[in-house]
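Here's the structure we're looking at; comments come further down.
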Amino acid sequence: MASGADVKVEFDPKNMLFRRLGPSGLRVPVFSLGGWLTLGGTVIGDPVKDIIKTAFDNGINMFDTAEAYAKGKSEVEMGRVIKELGLRRTDLVVTTKLFWGLRSGPNDGGLSRKHIIEGTKECLERLGLDYVDVIFAHRPDVSVPMEEIVRAFNWVIEKGWAFYWATSEWSAYDIEEAQHIATKLGLHGPIAEQCQHNMFHRERPEKEYRPLYKKYQLGTTVFSALASGLLTGKYNAGIPEGTRFSTHANFFKGTVDSLQKEEGLTKIRKVNELSVLAEQELGCTITHLALAWVAKNPNTSTVILGASKPEQVLDNLKALDVIPKLTPEIMDKIEAILENQPAALPTFGRPALDPNGRL
Ligand SMILES: NC(=O)c1ccc[n+]([C@@H]2O[C@H](COP(=O)([O-])OP(=O)(O)OC[C@H]3O[C@@H](n4cnc5c(N)ncnc54)[C@H](OP(=O)(O)O)[C@@H]3O)[C@@H](O)[C@H]2O)c1
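For what it's worth, the numbering used here labels the leading residue of the sequence shown as 473, then goes sequentially.
Encoded structure:
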């Protein structure tokens, strides 16, 4: 972390787009960078610096990690690189997540007040930072009363260890309960949900959370927009050496097995059709199309990119130029290929409202 004279790199947003994170005043880049499986995991040392520097030099100033990523090493590597690059703290949006913990004691994970407070302090120590911008509850914890969770995150914010809190992979019901308690008690409620959203995973972000966008202006920090690489087309004809599905073969065994079955073969057929559409109608690759498609969604605050090499960051940022090319006609063609658009809420004969609640 650097301030004043020891700042080595001035932030230049280049052609990055920025959006508010949910109802908050925090501006986040439409493409950010995360560290799951990569930073501190398969990528360590100088290559971590190369990836983060490439991102920062190209307008990405938001970095996402978690206590659980590479058993804490992701936070350590990210913090080390931020310091070594001499990035100014105020230029950055750093987010981390709590839930799984690093040890196996009864209070070393979950969302008890004890783990939220102790876990936050440990995250900050590993990152070498005084605060993170957003702290996420990495999963819901059914074993802790929601009021305890909301009060504990509120405390973390009041202490100045985080500016905002948010959720990840919570149901709409859980988010609603947290919002209700926060409103009732005058406490900080969650501002965003870190959810999976990609062309093959749509129900939760596009249907289940729909009422929350309208009611709470809930933001989303989307993960796995490339479905771990499936939406780059790299797995169309097997599992290439050195790619995520081979370097984390055990974790992705179910996914890889499914690629041989009807469900997976259908996905690969759609990837092929989308590749043709991307190339012929937009002059881009399916990777750019898949990323731009998620970024275009008005409920997406930021798409967290994952990258094992700096070149992937550069390639993925070409999606910025594709977002304005996604006209209603192109979106219809994409829907015709995907055939998985979540159904609209039933209106039982009453006239449907537009997204602003108007007739
Ligand atoms: N909250 C949660 O529960 C949760 C869960 C998952 C992720 N996340 C967050 O979201 C971030 C992104 O998720 P993700 O990594 O799953 O995203 P993703 O975009 O679906 O997958 C990223 C991976 O795809 C491959 N890839 C990326 N760009 C490529 C390109 N241009 N060409 C070819 N291959 C490319 C790389 O893997 P290889 O090169 O190794 O093949 C890369 O590591 C994570 O780092 C993390 O911060 C959060």
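From the three backbone atoms N, C-alpha and C, an ideal C-beta is built for every residue, glycine too.
Any non-hydrogen atom of ligand 1 within 7 Å of residue i CB
i, result
"residue 641", "yes"
"residue 716", "yes"
"residue 669", "no"
"residue 742", "no"
"residue 545", "no"
"residue 695", "yes"
"residue 721", "no"
"residue 510", "yes"
"residue 536", "yes"
"residue 701", "yes"
Collapsed DSSP secondary structure at residue i in the structure displayed
i, result
"residue 596", "helix"
"residue 502", "coil"
"residue 613", "coil"
"residue 754", "helix"
"residue 536", "strand"
"residue 659", "coil"
"residue 479", "coil"
"residue 528", "helix"
"residue 640", "strand"
"residue 673", "strand"
"residue 833", "Outside the displayed span of the chain (473 to 831) sits residue 833, for which this structure offers no information."
"residue 649", "helix"
Close beta carbons around residue i, own chain, < 6 Å, minus the five adjacent residues each side
i, result
"residue 531", "485, 486 and 488"
"residue 621", "583"
"residue 606", "567, 636 and 638"
"residue 756", "750 and 794"
"residue 782", "522, 523 and 526"
Contact check, residue i vs residue j, beta carbons under 8 Å
i, j, result
"residue 506", "residue 529", "no"
"residue 679", "residue 814", "yes"
"residue 668", "residue 695", "yes"
"residue 655", "residue 608", "no"
"residue 717", "residue 701", "yes"
"residue 705", "residue 743", "yes"
"residue 684", "residue 647", "yes"
"residue 750", "residue 767", "no"
"residue 483", "residue 774", "no"
"residue 548", "residue 589", "no"
"residue 671", "residue 649", "no"
"residue 496", "residue 653", "no"
"residue 810", "residue 759", "no"
"residue 509", "residue 673", "no"
Chain-order list of residues whose beta-carbon lies under 8 Å from that of residue i (same chain, five-residue window excluded)
i, result
"residue 524", "505, 511, 535, 550, 553, 554 and 557"
"residue 623", "585, 657 and 659"
"residue 785", "505, 523, 526, 527, 530, 532, 777 and 779"
"residue 613", "571, 582, 583, 584 and 621"
Contacting residues, own chain, Cβ-Cβ under 7 Å from residue i (five flanking each side not counted)
i, result
"residue 707", "701, 717 and 731"
"residue 579", "586 and 587"
"residue 598", "544, 547, 548 and 551"
8 Å Cβ cutoff, residue i in contact with chain C
i, result
"residue 730", "The chain inventory of the structure shown lacks chain C, comprising one protein chain alone."
Does the stretch 537-548 touch the stretch 561-574, meaning 3 or more C-beta pairs lie closer than 8 Å?
-> The stretch 561-574 vs the stretch 537-548: in contact.
The stretch 686-694 in contact with the stretch 782-798 per 3-pair CB rule at 8 Å = Contact fails: fewer than three Cβ-Cβ distances are below 8 Å.
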